[in-house]
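Student: I am attaching a structure below and will ask some questions about it afterwards.
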Amino acid sequence: MQPEVSALLALYLQSVAGYSSVKTGMAYLPGPLVIAVISFGYSARLITCFDHHVVLLAGMVATTTALALLGRLPVDASSCAAPRPPPGPHPPTQPLPMVGERIGQGVLAV
Numbered sequence: 387m388q389p390e391v392s393a394l395l396a397l398y399l400q401s402v403a404g405y406s407s408v409k410t411g412m413a414y415l416p417g418p419l420v421i422a423v424i425s426f427g428y429s430a431r432l433i434t435c436f437d438h439h440v441v442l443l444a445g446m447v448a449t450t451t452a453l454a455l456l457g458r459l460p461v462d463a464s465s466c467a468a469p470r471p472p473p474g475p476h477p478p479t480q481p482l483p484m485v486g487e488r489i490g491q492g493v494l495a496v
């Protein structure tokens, strides 16, 4: 994720969603894991099945679409579009566009 987007998303999580610093860090934690699983597990298989240009274009389209959706997060978004603390002691979840962006970055990290 680009540093500018990370900084703006951290501001959104802390200022708008009311997350503490620890919860904001926990919201970022699954991102590198998603990138690692996609880049180490699936990108090589996709490139052997398809042309590398097609795989890279799909990664760019997924990243661009996810960042466009992430930029349109409203203040009062629903729980599947924006991060909300789940009931109980679980760590916060990531918004769906953020996960989509991490998948696109994983495909591009071939």
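Just so we're aligned, residue 387 is where the sequence shown starts under the working numbering, counting upward by one. Even glycine gets a Cβ: it sits at the ideal position worked out from N, Cα and C. The structure presented is a predicted model; accordingly, all values stated were derived computationally and were not measured.
1) Pairing CB atoms from the segment 488–496 with CB atoms from the segment 411–426, are three or more of them under 8 Å?
2) Would Leu494 and Thr449 be called neighbours here (beta carbons separated by less than 8 Å)?
3) Go ahead and pull the three-state DSSP assignment for Leu442.
4) Pull up the distance between the alpha-carbon of Val447 and that of Val391, whole angstroms please.
5) Tell me which same chain residues have a C-beta within less than 8 Å of the C-beta of Leu456, skipping the five on either side of it?
6) Exposed or buried, Ser401, counting other C-beta atoms within 10 Å across all chains shown (16 or more means buried)?
7) Between Val441 and Ser425, how many whole angstroms is the CB-CB distance? I'm expecting something under 8 Å.
8) What are the boundary residues of the alpha helix (DSSP H) that Gly486 is part of?
9) Around the Cβ of Gly404, are there at least 16 other Cβ atoms within 10 angstroms (buried) or fewer (exposed)?
Tutor: Taking the definition as stated:
1) Contact between the segment 488–496 and the segment 411–426 is present, because at least three Cβ pairs lie under 8 Å.
2) Along the sequence shown, read from residue 1 onward, the residue named residue 494 stands at position 108. Along the sequence shown, read from residue 1 onward, the residue named residue 449 stands at position 63. Cβ atoms of Leu494 and Thr449: closer than 8 Å.
3) Here residue 442 refers to the residue found at position 56 of the sequence shown. Looking at Leu442 - three-state DSSP - the assignment turns out to be helix.
4) Within the sequence shown, the letter at position 61 stands for residue 447. Within the sequence shown, the letter at position 5 stands for residue 391. Between Val447 and Val391, the C-alpha separation is close to 17 Å.
5) Translated into the one-based positions of the sequence shown, residue 456 becomes position 70. Short of 8 Å from the beta carbon of Leu456, and not among the five residues preceding or following it, lie these beta carbons of its own chain, in chain order: Val391, Leu395, Pro481, Pro483, Met484, Glu487.
6) Here residue 401 corresponds to residue number 15 of the sequence shown, with the count starting at 1. Under this definition Ser401 is an exposed residue.
7) The residue given as residue 441 occupies position 55 in the sequence shown. The residue given as residue 425 occupies position 39 in the sequence shown. That pair is no contact at about 11 Å.
8) Within the sequence shown, the letter at position 100 stands for residue 486. Its alpha helix (DSSP H) spans residues 482–494.
9) Residue 404 sits at position 18 when you count from the first residue of the sequence shown. Burial is judged here by how many other beta carbons sit within 10 angstroms of a residue's own beta carbon; Gly404 has fewer than 16 and is exposed.
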